[in-house]
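Quick note, the first sequence lines up with residues 0 to 803 if you use numbering that gives the first Met the number 0.
Backbone N, C-alpha and C define an ideal beta-carbon position, used for all residues, glycine too.
Computed from a predicted model, the values in this text were never measured in an experiment.
Scroll down for the structure; my scribbles are underneath it.
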Amino acid sequence: MKKFNPKDFEDKWRKKWADDEVYKTPKIKKGDDKFYSLYSYPYPSGAGLHVGHVEGMVANDIPARYNRMKGKKVMMPMGWDSFGLPAENYAIKTGVHPKENTDEAIKAFVEQINNIGISVDWDTEVGAHYENYYKWTQWIFIQLFNAGLAYKKKAPVNWCPKDQTVLANEQVESDGTCERCGTKVEQKDLSQWFFKITDFADRLVDDLDKVDWPDSTKAQQRDWIGRSIGAEILWKLNNPESKEDFTINTFTTRFDTIPGPTFLVVAPEYKCLDKIVTAENKDAVSKYIDSIKNKTDLDRQSAKEKTGVFTGSYAVNPFNNEEVPIYVADYVLANYGTGAVMGMPGHDQRDFDFAKKFDLPVKYTLQPKDEGFEFPKDKAFEGEGYQINSDEFDGLWWEEAKEKIMEKLIADKKAIKKVNYKLRDWLLSRQRYWGCPIPVIYDPEGNAHAVPEEDLPVLLPYNVDFSPTGESPLAKSEEFQKSAEEKYGKGWSREVDTMDTFVDSSWYFFRHVDAKNDEKIFDSEKVNAWLPTDLYMIGAEHIVLHLMYSRFFTKFFFDQGLIDFDEPFYKMRHMGLILGPDGRKMSKRWGNVINPNDEIEKYGADTLRMYEMFMGPLEDAKPWNDKAEKGVLRFLSKVWDNFEKVKESVRSEDQEREINKLIKYVGPAIDSLSFNTAVAKMMEFNNFLSKEKEINKSVFERFMLVLAPFALYITEELWAQMGNEFSIHNAKWPEFDEALTKESSVTIAIQINGKVRGTVDVDAGSNEDAVYNAAMGVENIAKYIETEPKKKIYIQDRILNVIV
RNA sequence: GCCGAAGUGGUGGAACUGGUAGACACGCCGGACUCAAAAUCCGGUGGAGGUUAUACUUCGUGAGGGUUCGAGUCCCUCCUUCGGUACCA
0 MKKFNPKDFE DKWRKKWADD EVYKTPKIKK GDDKFYSLYS YPYPSGAGLH VGHVEGMVAN
60 DIPARYNRMK GKKVMMPMGW DSFGLPAENY AIKTGVHPKE NTDEAIKAFV EQINNIGISV
120 DWDTEVGAHY ENYYKWTQWI FIQLFNAGLA YKKKAPVNWC PKDQTVLANE QVESDGTCER
180 CGTKVEQKDL SQWFFKITDF ADRLVDDLDK VDWPDSTKAQ QRDWIGRSIG AEILWKLNNP
240 ESKEDFTINT FTTRFDTIPG PTFLVVAPEY KCLDKIVTAE NKDAVSKYID SIKNKTDLDR
300 QSAKEKTGVF TGSYAVNPFN NEEVPIYVAD YVLANYGTGA VMGMPGHDQR DFDFAKKFDL
360 PVKYTLQPKD EGFEFPKDKA FEGEGYQINS DEFDGLWWEE AKEKIMEKLI ADKKAIKKVN
420 YKLRDWLLSR QRYWGCPIPV IYDPEGNAHA VPEEDLPVLL PYNVDFSPTG ESPLAKSEEF
480 QKSAEEKYGK GWSREVDTMD TFVDSSWYFF RHVDAKNDEK IFDSEKVNAW LPTDLYMIGA
540 EHIVLHLMYS RFFTKFFFDQ GLIDFDEPFY KMRHMGLILG PDGRKMSKRW GNVINPNDEI
600 EKYGADTLRM YEMFMGPLED AKPWNDKAEK GVLRFLSKVW DNFEKVKESV RSEDQEREIN
660 KLIKYVGPAI DSLSFNTAVA KMMEFNNFLS KEKEINKSVF ERFMLVLAPF ALYITEELWA
720 QMGNEFSIHN AKWPEFDEAL TKESSVTIAI QINGKVRGTV DVDAGSNEDA VYNAAMGVEN
780 IAKYIETEPK KKIYIQDRIL NVIV
């Protein structure tokens with residue numbers, strides 16, 4: 000037989016699978032046994048599909064194929080996150096229109112995906128920049144607008160004064176300068192559109208209990224929403240220059256520390272700052288605000304050294320009537336809580352740092368009852384303890400004190416119960432060209448109206464000057480603005496901002512199910528039958544934002560009665576980064592980029608697929624190793640060679656046992672996405688076959704079936720050569736017989752005092768005495784047992800630990 | 001700063017709910033084949049000690065401590081690296 004060469008048959012099968020529509024999505028109704036395998040739709044970069052995409056897609060494809068063989072109805076869609084910044088920047092640099100380079104990139108992606116053999120049904124294809132897609136993105140905006148969930152307000156953006164353009168965070172260097180021209184970036188307020196995701200905060204927290212996601216992901220979602228249940232404490236302002244009654248509210252959950260604040264801090268943007276700052280301190284405060292106004296929130300919170308300035312006023316602690324000074328400092332943010340916090344340096348590290356810097360006293364409200372306990376001199380005490388300095392609450396455990404103090408202050412009307420969230424509304428306006436136009440028109444008075452639904456889509460004009468000149472590119476399109484006056488009358492104008500691409504990506508998984516529908520966003524019955532998705536693979540970098548926004552849209556659709564479920568992704572898992580051979584992140588800069596096309600050319604698609612699955616756990620970051628990839632090619636060649644030994648008539652108990660063990664292992668391994676170990680087991684099995692003189696045909700057929708989801712081409716080829724019906728990918732997944740998987744004897748480790756001193760082979764299921772007697776027959780074990788053992792611990796078929 | 005994750009041979013990694021650490025693969029070493037090389041095949045391979053050899057001893061899962069008959073796995077403290085941090089997607 001010929002040597003294994005994937006080129007001999009790859010094209011043949013690829014064509015046949017397409018011609019015979021092997022992966023066509025079946026029709027289903029709600030309740031059918033289905034499997035919706037979703038890969039987070041890729042950004043179609045001009046660099047082509049990269050090996051990280053291959054990893055994720057194959058990780059989706061293997062379970063899709065496995066479930067197809069198990070008889071489930073399977074959908075494996077594909078789409079493009081085709082609006083976005085890189086295409087626009089590339090266009091600014093080269094003059095090639097974003098639509099052109101995007102469409103080009105998509106063509107290349109489709110071809111590559113087919114070459115890798117991902118079982119995509121292309122009838123499901125969607126793309127953010129397709130007119131029949133972004134029409135419905137706009138439709139969603141209008142529904143949110145009509146529901147009162149889209150609104151405008153001012154918000155800061157990164158602004159480059161030289162380039163006269165808004166910069167993405169990514170375009171700002173770490174020293175706060177513009178990546179293009181090196182000018183210091185400023186913060187500038189613009190009027191922008193927001194979605195009111197905060198209305199959904201509680202459901203976004205609570206419904207995490209409904210889904211099968213990694214706990215760490217849920218933890219990050221919860222933290223992002225940041226729900227904390229506490230109360231606002233009312234502090235009376237004492238401004239030595241004014242008698243005006245004014246109250247400053249601070250939010251806290253830690254009422255146990257209420258006796259301890261030694262200062263109050265308000266954010267530089269605090270709304271009533273002028274009531275707090277005295278004439279004497281006015282200059283210093285405005286100077287300070289000037290000095291920090293171009294810092295981002297992240298900069299402000301991660302600054303090593305605390306900064307701030309005294310306002311001249313004091314606040315009265317409602318718990319004990321103590322007066323504390325009020326400061327302005329940028330480590331307090333205006334958009335979280337009330338924009339004012341109480342400084343409790345004894346028990347909060349940031350407050351401690353601030354107190355040290357400004358020489359403010361440190362007071363403690365709790366301490367452990369340990370003998371000789373001393374508070375640390377150089378940091379806050381963030382441990383647990385019993386109340387001190389807290390009047391009638393002294394001696395209570397802090398958790399109890401927290402509740403009691405809060406109740407008392409609320410009863411005395413000195414605090415108001417309050418739930419706080421870190422989650423902020425979703426800013427979706429972008430002052431860019433390559434995105435979905437926001438479907439809003441302004442009347443001559445400047446009031447915003449939703450574009451009537453029958454006028455959708457608001458088309459993104461093609462001929463637009465998108466070079467940076469200080470306003471949104473669409474503002475410069477006469478064609479775009481003229482169409483508004485023509486349609487809606489003189490003085491009417493169009494919104495010129497486009498949408499954040501996260502809007503596009505927050506609903507594409509619905510559209511896959513009904514990608515060609517021109518009448519409505521989707522057919523609800525179809526969506527209710529296919530969703531939620533059964534497996535969603537996303538990169539670890541999407542854990543917070545993309546998932547949060549998609550869940551928000553899903554809940555909104557549910558509320559609108561469009562769908563009958565309110566979480567989009569039932570089971571979700573992450574894949575890790577694939578690093579370059581040098582262990583660094585792949586990048587043109589390092590010249591360490593691996594192109595999947597080259598790998599297919601060298602070794603074939605099966606090898607590429609299997610190698611990426613074999614590299615290591617899906618969720619880990621792992622470096623590329625060409626030699627190891629070659630090892631997978633070697634494995635497939637050996638499979639090919641073993642085929643020559645297949646004989647119909649041969650019977651072998653050992654082969655029967657090994658194939659049953661393999662089938663038993665691989666199925667659950669696919670379910671748990673443990674592909675690397677599944678591949679290892681198949682290699683072990685094949686090594687076993689290599690030692691056999693002849694191989695039973697049925698055993699080899701079952702091996703091909705188990706291998707089929709991983710290595711599509713070789714299995715289809717050998718399946719056909721054995722005279723089986725096309726296609727192996729629609730064949731039935733093999734069953735295993737538990738009884739046949741059992742080994743008759745087992746090796747048991749014998750420990751003396753917990754140290755392994757030898758092993759014994761006994762019949763499976765032997766009892767403790769039998770194992771002990773066998774162990775006493777081994778010299779190196781027996782020599783440690785001089786007297787009757789104190790104790791024996793026996794775990795059947797595994798270990799015997801003798802304590803002497 | 002805050003949230004999350006990961007650290008196991010020369011390398012990628014395996015180890016089920018605590019039960020023989022290093023499966024599988026790469027690399028390396030030795031051998032076969034070859035004029036030679038590549039490819040392929042066979043054998044070996046955590047470190048240290050020890051033996052003619054086989055035994056065997058001992059150390060070992062980022063560091064330090066703890067729980068347990070037994071810890072890569074559980075608990076505490078620390079270190080390093082990576083992801084996210086709201087306009088990259």
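Apart from the five residues on each side of it in sequence, which residues of its chain come closer than 6 Å, Cβ to Cβ, to residue i?
i	result
Glu279	Gly311
Arg226	Val204, Tyr420
Pro708	Ile61, Arg64, Tyr65
Gln654	Asn695, Val698
Rounded C-beta distance between residue i and residue j? I'm assuming under 8 Å.
i	j	result
Val761	Val755	Actually they are not in contact, since the Cβ atoms of Val761 and Val755 sit about 16 Å apart, beyond 8 Å.
Phe568	Val165	With 8 Å as the limit, Phe568 and Val165 do not qualify as a contact, their Cβ atoms being about 32 Å apart.
Lys739	Arg656	Note that residue 739 corresponds to Leu in the displayed sequence, not to Lys. That belief holds up - the Cβ atoms of Leu739 and Arg656 are roughly 6 Å apart, short of 8 Å.
Give me the residue from the options with the minimum Cα distance to residue i.
i	options	result
Trp589	Glu598, Leu578, Asn596, Pro595	Leu578
Pro160	Gly175, Glu169, Gly147	Gly175
Lys294	Thr740, Glu172, Ala379, Pro213	Glu172
Leu143	Gln559, Lys106, Tyr783	Gln559
Tyr330	Arg349, Pro344, Asn320, Phe634	Arg349
Glu9	Arg797, Gly603, Ile27	Gly603
Met498	Arg202, Arg67, Ala127	Ala127
Lys183	Asp162, Leu458, Thr714	Asp162
Pro360	Gly342, Met585, Gly70, Asp369	Gly342
Lys262	Asn237, Gly753, Lys242	Correcting the residue identity first, residue 262 is Phe in this sequence and not Lys. When each option's Cα is compared against that of Phe262, the closest is Asn237.
Val805	Trp433, Lys680, Asp255	Since the first residue shown for the chain is 0 and the last is 803, residue 805 is missing from the structure and cannot be characterised.
Asn248	Asn316, Ala339, Pro41, Lys362	Ala339
Lys584	Gly615, Pro616, Arg550, Lys621	Lys621
Leu148	Ser81, Ala167, Asn131, Thr197	Thr197
Asn316	Glu231, Cys271, Asn723	Glu231
Phe374	Asn624, Trp397, His346	His346
Glu647	Gly490, Glu485, Gly722	Gly722
Lys187	Asp208, Trp212, Lys292	Lys292
Ser44	Ile27, Asn4, Pro85	Pro85
If you draw a straight line from the C-alpha of residue i to the C-alpha of residue j, how long is it?
i	j	result
Thr786	Val803	7 Å
Asp377	Asp358	13 Å
Glu391	Ile404	10 Å
Gly582	Ile61	27 Å
Ala328	Ala354	12 Å
Lys554	Asp565	5 Å
Tyr335	Arg423	8 Å
Lys6	Leu704	21 Å
Asn145	Asn446	14 Å
Asn114	Leu635	18 Å
Glu724	Leu207	45 Å
Lys690	Thr714	21 Å
Tell me which residues share the same chain as residue i and place their Cβ nearer than 8 Å to its Cβ, disregarding the 5 neighbours each side in the sequence.
i	result
Lys29	Glu524, Asn527, Ala528
Val665	Ala677, Lys680, Met681, Val705
Cys180	Cys159, Lys161, Asp162
Glu767	Lys791, Tyr793, Leu799
Excluding sequence positions up to five away, which residues of its chain have a Cβ less than 7 Å from the Cβ of residue i?
i	result
Ala333	Ala266, Glu268, Tyr269
Leu688	Asn641, Ile694
Can we say the region 129-139 touches the region 84-100, given the rule of at least three CB pairs closer than 8 Å? no
Quick test of the definition: if touching needs 3 or more C-beta pairs under 8 Å, does the region 440-451 touch the region 406-418? no
Tell me, please, whether the region 302-316 touches the region 258-277 by the rule of three or more beta-carbon pairs shorter than 8 Å. yes
Within 8 Å, do at least three Cβ pairs link the region 100-112 to the region 148-159? no
Please confirm if the region 422-439 is in contact with the region 498-515, defined as three or more CB-CB distances below 8 Å between the two stretches. yes
Counting Cβ pairs closer than 8 Å, one from the region 51-61 and one from the region 14-26, do we hit at least three? no
When the Cβ atoms of the region 721-739 are set against those of the region 775-785, are three or more pairs found closer than 8 Å? no
Counting Cβ pairs, one atom from each stretch, are 3 or more of them under 8 Å apart for the region 628-643 and the region 605-619? yes
Three or more C-beta pairs under 8 Å: does that hold for the region 67-87 against the region 510-520? yes
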